[in-house]
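A quick write-up on the structure given underneath.
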Amino acid sequence: MLQERLRTSAFAVPAGLTLTRMWHGSTCRATLTNPTSAPITVPEVVLFDLAHGLAPSTPLYGEAFQMLSQLAGTLQAPTDVGHYPDRTHYKIPEPEGLRTGYGMLMLAPQNQERVLLGFASCKRFIGRFSFDTVRLRISLDTENRTIAPGEHWELEEFLALTGPDREALLDKLTGAISKHHPRLRHNPVPTGWCSWYCFGPEVTDKNIYDNLEWAARHLPSLRYIQIDDGYQPYMGDWLDTGKAFGGSVQTVLKAIAQKGFEPALWVAPFIAERESRLFAQHPDWFVKDETGAPLPSNKIGFGGWRRGPWYCLDGTHPAVQKHLEALFRTLHQDWGVTYFKLDANYWGAIHGGHHFDKNATRIEAYRRGMEAILRGAGKNSVILGCNHPIWPSLGLIHASRSSNDIERSWESFTKTGRENLYRGWQNGRFWWNDPDCLLLTGDLPESEFLFHATLLYATGGMLLSGDDLTQFPPERLAMLKKMLPATGVCARFADEGFTVGEIRLRGKTHWALFNGEDSPAQRTIPLPKPAHLTDIWSGEDLGTHSGSVTIELPPHSARLLESAD
Numbered sequence: 001m002l003q004e005r006l007r008t009s010a011f012a013v014p015a016g017l018t019l020t021r022m023w024h025g026s027t028c029r030a031t032l033t034n035p036t037s038a039p040i041t042v043p044e045v046v047l048f049d050l051a052h053g054l055a056p057s058t059p060l061y062g063e064a065f066q067m068l069s070q071l072a073g074t075l076q077a078p079t080d081v082g083h084y085p086d087r088t089h090y091k092i093p094e095p096e097g098l099r100t101g102y103g104m105l106m107l108a109p110q111n112q113e114r115v116l117l118g119f120a121s122c123k124r125f126i127g128r129f130s131f132d133t134v135r136l137r138i139s140l141d142t143e144n145r146t147i148a149p150g151e152h153w154e155l156e157e158f159l160a161l162t163g164p165d166r167e168a169l170l171d172k173l174t175g176a177i178s179k180h181h182p183r184l185r186h187n188p189v190p191t192g193w194c195s196w197y198c199f200g201p202e203v204t205d206k207n208i209y210d211n212l213e214w215a216a217r218h219l220p221s222l223r224y225i226q227i228d229d230g231y232q233p234y235m236g237d238w239l240d241t242g243k244a245f246g247g248s249v250q251t252v253l254k255a256i257a258q259k260g261f262e263p264a265l266w267v268a269p270f271i272a273e274r275e276s277r278l279f280a281q282h283p284d285w286f287v288k289d290e291t292g293a294p295l296p297s298n299k300i301g302f303g304g305w306r307r308g309p310w311y312c313l314d315g316t317h318p319a320v321q322k323h324l325e326a327l328f329r330t331l332h333q334d335w336g337v338t339y340f341k342l343d344a345n346y347w348g349a350i351h352g353g354h355h356f357d358k359n360a361t362r363i364e365a366y367r368r369g370m371e372a373i374l375r376g377a378g379k380n381s382v383i384l385g386c387n388h389p390i391w392p393s394l395g396l397i398h399a400s401r402s403s404n405d406i407e408r409s410w411e412s413f414t415k416t417g418r419e420n421l422y423r424g425w426q427n428g429r430f431w432w433n434d435p436d437c438l439l440l441t442g443d444l445p446e447s448e449f450l451f452h453a454t455l456l457y458a459t460g461g462m463l464l465s466g467d468d469l470t471q472f473p474p475e476r477l478a479m480l481k482k483m484l485p486a487t488g489v490c491a492r493f494a495d496e497g498f499t500v501g502e503i504r505l506r507g508k509t510h511w512a513l514f515n516g517e518d519s520p521a522q523r524t525i526p527l528p529k530p531a532h533l534t535d536i537w538s539g540e541d542l543g544t545h546s547g548s549v550t551i552e553l554p555p556h557s558a559r560l561l562e563s564a565d
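full-length UniProt numbering applies: residue 1 is where the sequence shown begins, and numbers increase by one.
Spelled out as structure tokens, the structure:
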């Protein structure tokens with residue numbers, strides 16, 4: 001029914017312009033035309049505006065503009081998944097005050113087929129889904145760009161899909177997206193170690209050397225050794241080493257390679273602080289405010305989590321593109337870096353600014369900057385997007401952070417865990433998901449560490465240890481070894497409760513069972529044919545079962561089981 005309403009729904013464009021919508025099955029391609037003799041400014045294009053006809057209690061899931069937010073809940077009570085929503089933390093305006101998702105929206109009306117609405121492309125404009133209990137408004141943010149007399153804009157491709165199976169619908173959307181934004185592939189799934197969660201911005205060269213030595217002796221399968229934020233003197237000056245680091249970053253990276261690992265480095269390519277050499281020498285390279293001065297990010301949104309406010313490089317500026325390409329070519333070819341954690345990428349697509357190319361959108365600015373980075377980084381490097389715009393990053397990254405930063409607390413394990421599982425469908429479809437680091441040391445009960453480890457295993461994504469490995473007890477090393485190699489396969493769940501996940505691997509099946517509640521719970525595994533179950537963590541033999549088996553889980557716990565025919 002919703003598909004039929006979309007085909008006949010109202011639309012809205014500025015006076016004088018014409019919008020043509022052409023449907024081919026479940027796909028709609030739209031064209032905006034200016035038949036007049038004058039240029040016309042286009043704030044947005046409302047592709048569809050209709051009464052959706054769904055119950056207010058209809059469950060939903062929607063992607064956000066940037067990594068640190070998602071939408072869940074129902075039409076009448078949408079909830080933010082994540083701590084930093086687009087509309088509040090980043091102050092991205094929502095059309096007409098309606099709650100808004102970006103890129104895709106899935107609806108699950110009771111006793112009806114699911115509805116998946118999505119944009120198959122994000123080349124110039126971001127697609128938005130704005131809603132309340134009655135209305136659905138699907139639009140493109142055209143950012144007040146001007147359409148010239150006689151000009152035609154081919155708009156982003158849109159899909160409206162229905163069906164009973166969540167995974168099948170997501171497969172169809174992925175197939176359509178891949179035609180516009182082919183996936184950047186990198187195998188195997190990256191594994192390694194990251195300095196941030198044990199040393200933070202105070203990391204030193206000795207910290208890296210000590211953990212490198214430990215990994216070489218005990219776990220050489222951790223392929224990438226990543227130096228995170230803290231080595232640089234200023235945000236923006238990525239080829240310089242701060243005095244506090246204690247030695248040359250380039251020398252440390254060389255030592256990583258000499259030990260048989262691959263050097264990995266944190267870089268925030270689109271930002272600079274006012275005190276940086278980059279900002280002092282090239283203020284004209286940055287996104288401008290209405291006066292033509294460099295735009296401080298706190299003027300229109302969040303200023304940055306450290307050493308802000310940040311200023312944002314303008315990806316439409318030819319000199320910026322040359323700078324980014326040269327920077328990453330140096331880091332790759334001269335410094336030997338083969339894995340780049342790109343942080344603060346959202347600021348490459350910041351709203352409310354003015355670009356060197358007046359006709360370009362913030363989406364184009366970001367994508368042009370990322371394309372320059374890819375040219376410099378080389379074809380054998382891994383590009384991880386972090387704090388990035390999700391849909392604008394399609395086809396531009398090999399891996400994508402899927403949650404907020406992890407912390408050593410039960411609250412963080414559960415909250416980031418849900419963020420990761422909501423985005424689990426993207427793993428292996430768009431990129432490899434990065435569920436953030438595995439943390440196995442700290443003052444928490446064993447059951448909560450097992451919950452955290454099981455959840456990260458269930459994502460099927462990247463696996464980076466975030467502990468000081470020199471303090472790693474033998475039993476934690478045994479756990480970490482059981483996590484390797486990363487499977488690349490995300491668990492499939494029957495619903496968004498994320499309690500029983502099936503991980504279909506070659507020749508075997510794993511089951512991830514979760515109880516995040518404060519009281520005991522039972523979880524039932526369907527077994528259509530007899531299967532022998534073993535607990536992967538403890539090695540416990542659970543015997544052979546058929547039909548189904550019910551497992552009792554204590555509070556704050558999980559189990560990871562292997563099922564063999």
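Here a beta-carbon is modelled for each residue, glycine too, at the ideal position from N, C-alpha and C.
In terms of DSSP beta bridges, what is residue i paired with?
i: Ser130; result: Thr100, Arg137
i: Val500; result: Leu513
i: Leu47; result: Paired residues: none, contrary to the question.
i: Trp238; result: Trp238 pairs with nothing; no bridge assigned.
i: Ile350; result: Note: Ile350 sits in no beta bridge, so no partner.
i: Val267; result: Leu342
i: Thr459; result: Thr459 is not bridged to any residue.
i: Tyr224; result: Gly192, Glu262
i: Glu154; result: Thr31
i: Cys312; result: Ile271
i: His545; result: Ala531
i: Lys508; result: Leu505
Does the Cβ of residue i have 16 or more other Cβ atoms within 10 Å, making it buried, or fewer, making it exposed?
i: Gly97; result: exposed
i: Asn515; result: buried
i: Ala360; result: buried
i: Ser402; result: buried
i: His388; result: buried
i: Asp443; result: exposed
i: Glu202; result: exposed
i: residue 588; result: Within the shown structure, residues of the chain are numbered from 1 to 565, placing residue 588 beyond reach of any answer.
i: Gln281; result: exposed
i: Arg362; result: buried
i: Asn211; result: buried
i: Gly376; result: buried
i: Lys299; result: exposed
i: Lys341; result: buried
i: Thr470; result: exposed
i: Asp165; result: exposed
i: Met104; result: buried
i: Thr8; result: exposed
i: Gly22; result: The sequence shown places Met at residue 22, not Gly. Classification for Met22: exposed.
i: residue 574; result: Since the first residue of the chain shown is 1 and the last is 565, residue 574 is not available in this structure.
Any Cβ of chain B within less than 8 Å of the Cβ of residue i?
i: Leu505; result: Of the protein chains in the structure, only one exists, and it is not chain B.
Got a sec? Which residues, its chain only, sit under 8 Å from residue i by beta carbon, not counting five neighbours each side?
i: Thr58; result: Thr74, Leu75, Leu107, Ala108, Pro109, Gln110
i: Met1; result: Gly53
i: Gly395; result: His180, His181, Pro182, Arg183, Leu184
i: Arg5; result: Leu50, Ala51, His52, Gly53
What residues in its chain sit with their C-beta under 7 Å from that of residue i, if we drop five residues either side in the sequence?
i: Gly82; result: Leu68, Ser69, Gln70, Asn404, Glu419
i: Glu94; result: Arg87, Thr100, Ser130
i: Leu324; result: Pro269, Gly369, Ala372, Ile373, Gly376
i: Leu505; result: Thr487, Val489
List the whole-angstrom C-beta distance separating residue i from residue j, where the pair is believed to meet the contact cut-off of C-beta under 8 Å.
i: Ala272; j: Phe279; result: 5 Å
i: Ala264; j: Gln226; result: 4 Å
i: Ala531; j: Asp565; result: 6 Å
i: Gly301; j: Lys91; result: 4 Å
i: Asp240; j: Gln250; result: No, Asp240 and Gln250 are not in contact; Cβ-Cβ is about 11 Å, not under 8 Å.
i: Leu155; j: Leu161; result: Not a contact, Cβ separation roughly 19 Å.
i: His398; j: Trp425; result: His398 to Trp425, Cβ: 18 Å. No contact.
i: Phe286; j: Thr316; result: No, Phe286 and Thr316 are not in contact; Cβ-Cβ is about 12 Å, not under 8 Å.
If you drop the 5 nearest sequence neighbours on each side, which residues of the same chain put their C-beta closer than 6 Å to that of residue i?
i: residue 569; result: Residue 569 lies beyond the range of the chain shown here (1 to 565); nothing can be said about it.
i: Ser37; result: Pro149
i: Thr133; result: Pro56, Leu75, Gln76
i: Thr550; result: Gln522, Thr524
contact_flag[the stretch 188-199, the stretch 213-233] where n(CB pairs < 8 Å) is 3 or more = Counting C-beta pairs closer than 8 Å gives three or more between the stretch 188-199 and the stretch 213-233, which meets the contact rule.
Are the stretch 458-472 and the stretch 488-496 touching by the rule of at least three beta carbon pairs closer than 8 Å?
-> Yes: at least three Cβ pairs fall under 8 Å.
Quick one: any contact between the stretch 515-535 and the stretch 475-485, if contact means 3 or more CB pairs under 8 Å?
-> In short, these stretches do not touch, since the Cβ pair count stays below three.
Give a yes or no on contact between the stretch 367-375 and the stretch 323-330, applying the rule of three or more CB pairs nearer than 8 Å.
-> Yes: the two stretches touch, three or more of their Cβ pairs being nearer than 8 Å.
Contact the stretch 146-162 vs the stretch 39-52: 3+ CB pairs below 8 Å | Contact between the stretch 146-162 and the stretch 39-52 is present, with at least three C-beta pairs closer than 8 Å.
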